[in-house]
Each structure stands twice: as structure tokens, then as C-alpha cells.
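Novice:
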Amino acid sequence: MTRLLVIDDEDGIRSALRQVFEYEGHEVRVAEDGHEGLEMAADFNPDVIFLDVKMPGMDGLEVLEKLREQDMSSIVVMISGHGTIDTAVHATRKGAYDFLEKPLDTDRLLVTLRRALELRGLTQSVTDLRNQIESRYEIVGTSYPIRQVLERIERVGPTEARVLVTGENGTGKELVARAIHRLSPRASGPFVEVNCAAIPSELIESALFGHLKGSFTGAVSDHAGKFEQAHGGTLFLDEVGDMSPQAQAKVLRALEQGVVSRVGGKKSIEVDVRVVAATNKDLEHEISARGFREDLYYRLNVVPIHMPPLRDRRDDVPMLVQHFTDLMFSRDGLSPRSFEMAAIERLQNLPWPGNVRELRNTVERLLILSSGDTVRLEDVDMLAGERSSGPRVEGHLLSSDTFSDFKHGAERAFINKKLQEHDWNVAETARRIDMPRSNLYKKIEKYGLIRDS
């Protein structure tokens, strides 16, 4: 049964609220002043507190502050017969969920209670479910699409089957690969990741299979490739669709025969690895376009797992917001803060083309740049929109002293933006902007572009 506490010095208000709430099936207790209310809150641990602002002795704002000092998890709704905008704003910044004016409208009262209980339930769900899900997989969410992903991870993890993880940039494909590794008999072995899109095509074979000293310019010593490094463990081939045809052929041989040969050598080296691959491409389309080997595709795609985009799992946004908030506070040692329900609802309805990674960056930006103890709806409206910085970039470029400075600045901004749009997948970015990959690498080095963490 839901527990409600009413703190108000007016007997008529206490009686009326008790009658309304008990009729709705809730357990209700009442207190006539702030001191009694604080004692009752500590003993009763209510889900929601309805707190009057103007009371003799200790007013509602003081009570609210002491409730927060005691780390009470109750949702607090302020009520007042003398409400002003300043008072409402002050109460919200101190952590109140909502502010109601007397005389109280029953419909508004019950709607506010329902929404407060939804927030209370969300907070409790985060507490109950976070350790179960995040401690095992670091994959946060309880929506149906994510439950399907977790179920498949648990089924395939303990096996030796190869897995192909598909999904848009920023959905968390690497987390799936790591979860599979942790559940496998190879969990004590190495987990080796290689981003096939981030390695120039002329170096991918050396990265995967190693090389001998002197096999090419710059090969000053023998080097073990990723397959050898992953021996006895799991090799995660991220953006596998960006491998060159030559590298694809060698990967196929490694999967079929369990052997690799270093660049510049003929000796076959046995490797025992489980391969988990990931891509944001439609590999069946790539096969039709002769960009990917069909035989390799079937070797990799033994068990497919698709990570859904954030727009298809909006119910997970509140848990993700709480998760990223907690991570930031534990990492940076900041004072705990919360998001008001309206702010979370706005975040749920944003498009998130960058998926979970973009949401995380936005949450961190809001926590750093917003003021007060609570992130509010207006903070989201003002700061979440900073994902696009076009006008500011344009203004900066137009202040360039020379055309040469303008041209270089524009090229740098353009390349940096396109790399971000494609999650720093260099091969995909080069293809989309119609630039040779080698040229793009040179531009990245020239302008000192670095991927944001």
C-alpha cells in the first residue's frame, strides 16, 4: 500500500486530504507542524509527502531542506495558500517535485499524486534493478527490446558460437561483446578489441595477424597481431564491414582452419579464439554490392544480436539518465543531483540520432552546466539543444582574418562534424564525403582532430 504523509497546520486541509487519499486506497498519516512531520517522516518513510509552505515555527521550505539533509527518498509536493512564482521556483530548486496552490483541486491533486508515484516507482526500480542488470552486463534498461538482447546474451554467452552484433552507432555493441565474453568459459582469458574502421587498409592485416621484422617500412621488430593476442579468449572485430577484401580472406582462413600467418612470413600459427563481430552496416547489402564476402558473413553470423536504437526503447531513458548521473558523481565526486520528471520526459521524446552515447554526453552536459539541486525542464530545453553548434561555428569562421584561415577552419569544422556523425568510423566518413581514406587520415593528423571520450 502506498504511504502518504500530509504536513499542514490547518486541520481542515489535513482532514480533507486524508479523506481523498484514503478513499483512493492509500495509507495516510498527518502532522500539524514541521517538527512532528520530520519525526513522522523518519518513522513512516512515506512514498509522497504533501507539505504546506506557511506554518508556524518551522516553515515548509525549512522542512524540505531538512528532509533532503536526512537523505529521505520521499517525493515532496508543496502546497500553499499564498503561492508566488518565486516561492515555487525556490521550492523546486530545493528538491520539491511540484507546487500546488490552495484551494486544492481534487483532479489536479490526484494527477499530481499519480505522477509523483510514477517517479517514486522509477526511483525504486532503478534501485532494485540496477545491481541485477548493470553489475552483470553494464547494459542498462528493462524495455522489451533490451530484455530480448539480454536473454540472447545469456543463451549464447556460455557457448563457443560466433556472434554478429548489429546496430547503429552509439547503441552499445561493444557492451554486448564484453557481456558475452564474461559469460563464456573464456572469461579468464583476454578480451581483445580491434576497430577495423579506424585502421588504414594498408595496416589492417598487420594489426590482425602480426608481422615480421623488415616485412614493410617501419616494421622494426616482430609483432604479434590481434588474433595471437586473443589466444584463449575473445576477439571483438568492431566495424567488421570495413575490412579490405584481402583481410576478409585471411580472417576467413583463421576461422576455418584456426591458423594465421604474420605479414612477411609463411609459418602457420595456431590460434584459439572466439570471434564476436559488430557492424553498423547492412552486410547482406554489402554482399550484393560485392563489398563483403558471403562465406565470411555466414561464418560470423552464427548467432545474430541486434542492439535497438534509443528511439525504439524510450522507456529505458529514465534508468539511463539515473545510471549516467550516478556514474558521473562517483567518478567526479560531485554532490548528488536529480532530474525533475518533466525534464526526464523531455529527454525521452528527443530523437537521439547518436543513441545512448549521445544521451550520456547530454546528461553530463546538463549536470555540469545547469544550476540548482535539480535539473529542470528549462535546462533541457536550453542545453540539450547544443548538440548542433552550427551558428556559433559560422560566427567563428566569419571572424577569420584571411580567406586561407577561413578555408582551413571550415574544412576542419566540416571533417570534425562528419567524423562525429559517423562515430569516428573513418572508412564510412571517407565514403560519405567522397574523400580517399588516406587523404582523410592526413586531414585528421593535419588538424589535430581527436575523438571525444
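Numbering (my numbering), first residue to last: 17 to 469. Ideal placement from N, C-alpha and C gives every residue a C-beta, glycine not left out.
1. Taking only the alpha-carbon atoms, compute the straight-line gap between residue 313 and residue 254 and give it to the nearest angstrom.
2. From the DSSP output, read off the bridge partner residues of residue 294.
3. When you compare only the Cα positions, how much space is there between residue 77 and residue 340?
4. Residue 320 and residue 175 - do their beta-carbons sit closer together than 8 angstroms?
5. Between residue 185 and residue 438, which are expected to be in contact by the criterion C-beta below 8 angstroms, what is the C-beta distance as a whole number of angstroms?
6. Taking the beta strand (DSSP E) that residue 253 belongs to, which residues open and close that run?
7. Alpha carbon to alpha carbon, how far is residue 20 from residue 257? Give it in angstroms, no decimals.
8. So, is residue 458 buried or exposed, given that buried needs 16 or more other C-beta atoms within 10 angstroms?
9. Do three or more CB pairs link the stretch 263-275 to the stretch 218-238 at distances below 8 angstroms?
10. Along the chain, where does the beta strand (DSSP E) that runs through residue 398 open and close?
11. Within the same chain, show all residues whose beta-carbon is closer than 6 angstroms to that of residue 431, passing over the 5 residues directly before and after it, in chain order.
12. When DSSP builds the beta bridges, which residues end up paired with residue 96?
13. Would you call residue 147 buried or exposed, if buried means 16 or more other Cβ atoms sit within 10 Å of its Cβ?
14. Going by C-alpha distance, which of 247, 196 and 325 is nearest residue 160?
15. Does the pairing of the stretch 234-254 with the stretch 290-303 give three or more beta-carbon distances under 8 angstroms?
16. How far does the beta strand (DSSP E) with residue 20 in it reach, from first residue to last?
17. Rounded C-beta distance between residue 353 and residue 389? I'm assuming under 8 angstroms.
18. So which of 283, 287, 127 and 193 has the shortest CA-CA distance to residue 274?
19. Per DSSP, which residues does residue 47 bridge with? Please list them.
20. Hey, is the stretch 86-93 in contact with the stretch 60-75, meaning 3+ C-beta pairs nearer than 8 angstroms?
21. Can you tell me which of 155, 227, 317 and 169 puts its alpha carbon nearest to the alpha carbon of residue 282?
22. Taking Cβ positions, are residue 225 and residue 248 nearer each other than 8 angstroms?
23. Which first and last residues belong to the alpha helix (DSSP H) in which residue 64 is found?
24. Below 6 angstroms CB to CB, which residues in the same chain sit around residue 239 once its five sequence neighbours on both sides are set aside?
25. Quick check on DSSP: helix, strand or coil for residue 308?
26. For a test of the three-state rule: what should DSSP assign to residue 167, helix, strand or coil?
27. Starting from the C-beta of residue 343, find all residues in its chain whose C-beta is less than 6 angstroms away, skip the five residues before and the five after it, and write them out in chain order.
28. Only counting the same chain, and skipping five residues up and downstream in sequence, which positions put a Cβ closer than 6 angstroms to that of residue 123?
29. Check residue 215 in the structure and name its three-state DSSP category.
30. Output yes or no for whether 8 angstroms exceeds the beta carbon distance between residue 25 and residue 71.
31. Taking residue 158 and residue 323 to be in contact with their CB atoms under 8 angstroms, please state how far apart those CB atoms are, rounded to whole angstroms.
32. Going by DSSP, name the residue or residues bridged to residue 286.
33. So, using beta-carbon positions, are residue 94 and residue 69 closer together than 8 angstroms?
34. Could you check the C-alpha separation between residue 336 and residue 195 for me, to the nearest Å?
35. So does the stretch 379-395 actually touch the stretch 102-121, counting three or more Cβ pairs closer than 8 angstroms?
36. By Cβ distance below 7 angstroms, which residues in the same chain neighbour residue 45 in space, the five residues on each side in sequence not counted?
Specialist: From the atom records:
1. For the purposes of this step, residue 313 is taken as the residue at position 297 of the sequence shown. For the purposes of this step, residue 254 is taken as the residue at position 238 of the sequence shown. Roughly 14 angstroms separates the two Cα atoms.
2. Along the sequence shown, read from residue 1 onward, the residue named residue 294 stands at position 278. 181.
3. Here residue 77 is taken as the residue at index 61 of the sequence shown, counted from 1. Here residue 340 is taken as the residue at index 324 of the sequence shown, counted from 1. Near 29 angstroms, if we compare the C-alpha coordinates of residue 340 and residue 77.
4. Along the sequence shown, read from residue 1 onward, the residue named residue 175 stands at position 159. Along the sequence shown, read from residue 1 onward, the residue named residue 320 stands at position 304. Taking the C-beta atoms as reference points, residue 320 is found no nearer than 8 angstroms to residue 175.
5. Along the sequence shown, read from residue 1 onward, the residue named residue 185 stands at position 169. Along the sequence shown, read from residue 1 onward, the residue named residue 438 stands at position 422. Approximately 7 angstroms separates the beta-carbon atoms of residue 185 and residue 438; this is inside 8 angstroms, confirming the contact.
6. Taking the sequence shown and counting its residues from 1, one reaches residue 253 at position 237. Bounds of the beta strand (DSSP E) holding residue 253 are 250-254.
7. For this step, residue 257 is matched to residue 241 along the sequence shown. For this step, residue 20 is matched to residue 4 along the sequence shown. Straight-line Cα distance between these residues: approximately 56 angstroms.
8. The count along the sequence shown starts at 1 and reaches residue 458 at position 442. Using a 10 angstroms sphere on the CB of residue 458, the tally of other CB atoms stays under 16, which defines it as exposed.
9. Because the criterion of three Cβ pairs below 8 angstroms is met, the stretch 263-275 and the stretch 218-238 touch.
10. Here the question's residue 398 lines up with position 382 in the sequence shown. Boundaries for residue 398: no beta strand (DSSP E) harbours it, while the alpha helix (DSSP H) harbouring it runs 393-399, taken from the DSSP string.
11. For the purposes of this step, residue 431 is identified with residue 415 of the sequence shown, where counting begins at 1. 459.
12. Stepping through the sequence shown from its first residue, residue 96 is reached at position 80. 117, per the DSSP bridge assignment.
13. Counting from 1 along the sequence shown, the entry for residue 147 is found at position 131. Its pLDDT being 48, under 50, residue 147 is placed unreliably in this model, and the value from its coordinates should be taken loosely. Classification of residue 147: exposed, given that the 10 Å Cβ count is below 16.
14. Counted from its first residue, the sequence shown places residue 160 at position 144. Nearest C-alpha to residue 160 among 247, 196 and 325: 325.
15. Yes, the stretch 234-254 is in contact with the stretch 290-303.
16. As a position in the sequence shown, residue 20 is number 4, starting the count at 1. 19-23 is the span of the beta strand (DSSP E), which, as asked, contains residue 20.
17. Residue numbering aside, residue 353 sits at position 337 when the sequence shown is read from its first letter. Residue numbering aside, residue 389 sits at position 373 when the sequence shown is read from its first letter. Residue 353 to residue 389, Cβ: 6 angstroms. Contact.
18. The residue labelled residue 274 in the question sits at position 258 within the sequence shown. Ranking 283, 287, 127 and 193 by Cα distance to residue 274 puts 287 first.
19. The residue you call residue 47 lines up with position 31 of the sequence shown. Residue pairing by DSSP places residue 47 opposite 23 in a beta bridge.
20. Output reads yes: the stretch 60-75 touches the stretch 86-93.
21. Residue 282 sits at position 266 when you count from the first residue of the sequence shown. Ranking the options by Cα distance to residue 282, first place goes to 227.
22. In the sequence shown, counting from the first residue as 1, residue 225 sits at position 209. In the sequence shown, counting from the first residue as 1, residue 248 sits at position 232. Result no, Cβ atoms of residue 225 and residue 248 do not sit closer than 8 angstroms.
23. As a working mapping, residue 64 is identified with position 48 in the sequence shown. Where residue 64 is concerned, there is no enclosing alpha helix (DSSP H), although the beta strand (DSSP E) around it starts and stops at 64-68.
24. Position 223 of the sequence shown, counted from the first residue, corresponds to residue 239. Once the five neighbours on either side are set aside, the close Cβ partners of residue 239 are 226 and 227.
25. Position 292 of the sequence shown, counted from the start, is the residue given in the question as residue 308. DSSP places residue 308 in coil when its eight states are reduced to three.
26. For the purposes of this step, residue 167 is taken as the residue at position 151 of the sequence shown. Helix, per DSSP.
27. In the sequence shown, counting from the first residue as 1, residue 343 sits at position 327. Annotation for residue 343: no residue places its beta carbon closer than 6 angstroms to its own, counting only its chain and skipping 5 residues before and after.
28. Counting from one through the sequence shown, the residue named residue 123 turns up at place 107. Closer than 6 angstroms at the Cβ level, and outside the excluded window around residue 123, lies no residue.
29. As a working note, residue 215 is residue 199 in the sequence shown. DSSP places residue 215 in coil when its eight states are reduced to three.
30. Start at 1 with the first residue of the sequence shown, and residue 25 comes out as number 9. Start at 1 with the first residue of the sequence shown, and residue 71 comes out as number 55. Yes. Within cutoff.
31. Within the sequence shown, the letter at position 142 stands for residue 158. Within the sequence shown, the letter at position 307 stands for residue 323. The Cβ separation is near 15 angstroms, so there is no contact.
32. As a first step, residue 286 must be located in the sequence shown, where it is residue number 270. Note: residue 286 sits in a beta bridge opposite 275.
33. The count along the sequence shown starts at 1 and reaches residue 94 at position 78. The count along the sequence shown starts at 1 and reaches residue 69 at position 53. Going by beta carbons, residue 94 and residue 69 fall inside the 8 angstroms limit.
34. Stepping through the sequence shown from its first residue, residue 336 is reached at position 320. Stepping through the sequence shown from its first residue, residue 195 is reached at position 179. Rounded to the nearest angstrom, the two C-alpha atoms are 18 angstroms apart.
35. Judged by Cβ distances under 8 angstroms, the stretch 379-395 makes contact with the stretch 102-121, as three or more pairs qualify.
36. Translated into positions along the sequence shown, residue 45 becomes position 29. The residues 21, 56 and 60, in chain order, have a CB closer than 7 angstroms to that of residue 45 in the same chain once the five nearest residues on each side in sequence are set aside.
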